[in-house]
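One structure is given here, and the rest of the page talks about it.
Number of protein chains: 2
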Amino acid sequence: MTEFLDLHSRTSKALRAAAEAGMQRHGLHLGQNHLLAILWERDGRTPGEIAAAVNVTTPAVVKMAGRMADAGLITRRRDDRDNRLVRLWLTDAGRALRGPIETERRVLEQKVTENLTDTERGHLMSALAKVYQSASDLLGGTIPAG
Amino acid sequence: MTEFLDLHSRTSKALRAAAEAGMQRHGLHLGQNHLLAILWERDGRTPGEIAAAVNVTTPAVVKMAGRMADAGLITRRRDDRDNRLVRLWLTDAGRALRGPIETERRVLEQKVTENLTDTERGHLMSALAKVYQSASDLLGGTIPAG
DNA sequence: CCGAGATCGTGTACCGGTTAACGACTTGCT
DNA sequence: AGCAAGTCGTTAACCGGTACACGATCTCGG
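This is the structure:
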């Protein structure tokens, strides 16, 4: 029963583990690369902005940023104009990871899909997109019907 | 970049959230249904057995079992013959959830794949299976090459 | 029969994520 | 000017998962 859900979650776990292993080769933990990717694109963003971009809650970003600051990948600095805001800046170490991490990620994507033909890959992407859409709709439709 | 990985993880998150919502309607947390499913099939298993069956580490099962025992879904009892072993037994409350939870899960699977034709669903399953295989191979292949 | 090793559950310390509560700071309106 | 309301980051308490260390217990060989 629930063939698809089971297969998907098993796949999810395997991919997660593979990604984790790949990231750890560069001293990163899973998820931190997403945060870095945002900062690579543009420095000095706030936790809230990053959270929205990565589709995660703000506290998650705050905690992760704390660990990454301890690890010397980024620094936290208060905004001068609006003192509520905190802005995250890359350190040289954080900036230096860009190339290696992006490569690592590309390689993983390639390895994981290497047994698929182009057609299969296309089917997979479009079907997955539909599932994603349905699942998102399900979540959004939770509030109504008062 | 990394189209597939991104789409998959987004889908994963949406499915996870949807499953969580569904389970909470019955007072369960995500993941607990897997543990219950094992016990529904056969009572009195050990944390180690369950961990292997669900493909999770033993401490994860121990912690979850603790919470579920507190919630009155299962009870823990030491094995008489081998005192190292602990066996988990369903309470009436835990047993009663079987029908509702299995239905909930089937409904979710159906809703999430309802926009797929049979062909699409078949393609999705087989492609996902290949990805799963590749990812698993990647993990297994971490040790060698000394 | 007894000690070395294997086995098993548990505790601790992590990571990543969530929701809810909180305090500090801005803004907007009177 | 000053206060109410909104915005923002942080903290705390959860859940699920991992790796690692530990102590209790069983088993098997001498």
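Protein chains in written order, with this note's numbering: chain W, -5 to 140; chain Z, -5 to 140.
Idealized CB from N, CA, C, for every residue including glycine.
How big is the Cα-Cα spacing for residue i and residue j?
i	j	result
E108 of chain W	G25 of chain W	24 Å
D73 of chain Z	L110 of chain W	48 Å
N27 of chain Z	M17 of chain Z	8 Å
E35 of chain W	D86 of chain W	15 Å
V50 of chain Z	M58 of chain Z	11 Å
A63 of chain Z	V80 of chain Z	13 Å
V101 of chain W	Q127 of chain W	27 Å
A8 of chain Z	F(-2) of chain W	14 Å
T(-4) of chain Z	T52 of chain Z	33 Å
H117 of chain Z	M119 of chain W	10 Å
T113 of chain W	S3 of chain W	23 Å
R149 of chain W	A54 of chain W	Residue numbering for chain W in the displayed model covers -5 to 140; residue 149 of chain W lies beyond these limits and cannot be assessed.
A15 of chain Z	E103 of chain Z	14 Å
A129 of chain Z	R75 of chain W	47 Å
A121 of chain W	L122 of chain Z	10 Å
At least one CB of chain W closer than 8 Å to the CB of residue i: is that the case?
i	result
N77 of chain Z	no
I137 of chain Z	Caution is warranted here: a pLDDT of 45 is assigned to I137 of chain Z, below 50, making its placement in the model unreliable, and the coordinate value is therefore given only provisionally. Not closer than 8 Å to any Cβ of chain W, the Cβ of I137 of chain Z fails to qualify, so no.
L29 of chain Z	no
A65 of chain Z	no
H2 of chain Z	yes
T40 of chain Z	no
T5 of chain Z	yes
M58 of chain Z	no
Report the neighbours of residue i on chain W: residues whose CB is nearer than 7 Å to its CB, in chain order.
i	result
A54 of chain Z	By Cβ distance, chain W contributes nothing, its closest Cβ being about 12 Å from A54 of chain Z, past 7 Å.
T107 of chain Z	F(-2) and V125
Quick check on this structure: which residue in the options has the alpha carbon closest to the alpha carbon of residue i?
i	options	result
L133 of chain Z	W:L1, W:A13 and W:D0	W:A13
G42 of chain W	W:L22, W:A31, W:V56 and W:L1	W:V56
S131 of chain W	Z:A11, Z:W83, Z:L1 and Z:R115	The identity of residue 131 of chain W in the sequence shown is Asp, whereas the question assumes Ser. Nearest C-alpha to D131 of chain W: Z:A11.
T69 of chain W	W:D112, W:A8, W:T5 and W:L29	W:L29
K124 of chain W	Z:K105, Z:V125, Z:A129 and Z:A123	Z:K105
G88 of chain W	W:A65, W:A15 and W:L1	W:A65
A0 of chain Z	W:A129, W:S6 and W:H23	It is worth fixing the name first, because residue 0 of chain Z is Asp in this sequence and not Ala. Nearest option by C-alpha distance: W:S6.
Given residue i, which residues of its chain have a CB within under 7 Å of its CB, disregarding the five upstream and five downstream residues?
i	result
I32 of chain Z	R39, I44, A47 and V48
W83 of chain W	D37, G38, I68, T69 and R71
Which residues in the same chain have their Cβ closer than 6 Å to the Cβ of residue i, if we skip the five residues on either side of it in sequence?
i	result
N77 of chain Z	none
Could you tell me whether the Cβ of residue i comes closer than 8 Å to any Cβ of chain Z?
i	result
H117 of chain W	yes
E103 of chain W	yes
R61 of chain W	no
R91 of chain W	At residue 91 of chain W the sequence reads Leu, which differs from the Arg that was named. Chain Z contact via Cβ: absent.
A129 of chain W	yes
A45 of chain W	no
A8 of chain W	yes
With a CB to CB cut of under 8 Å and the five nearest residues on each side skipped, what residues in its chain are close to residue i?
i	result
H20 of chain W	L91, P94, I95 and E98
R115 of chain W	T107
H23 of chain Z	E14, M17 and R61
Can you pull the chain Z residues whose beta carbon is under 8 Å from the beta carbon of residue i, in chain order?
i	result
E114 of chain W	H117, S120, A121 and K124
A12 of chain W	A129, L132 and L133
L110 of chain W	A121, K124 and V125
What residues of chain Z sit near residue i, judged by a beta carbon separation below 7 Å?
i	result
T51 of chain W	Simply none; closest approach about 12 Å.
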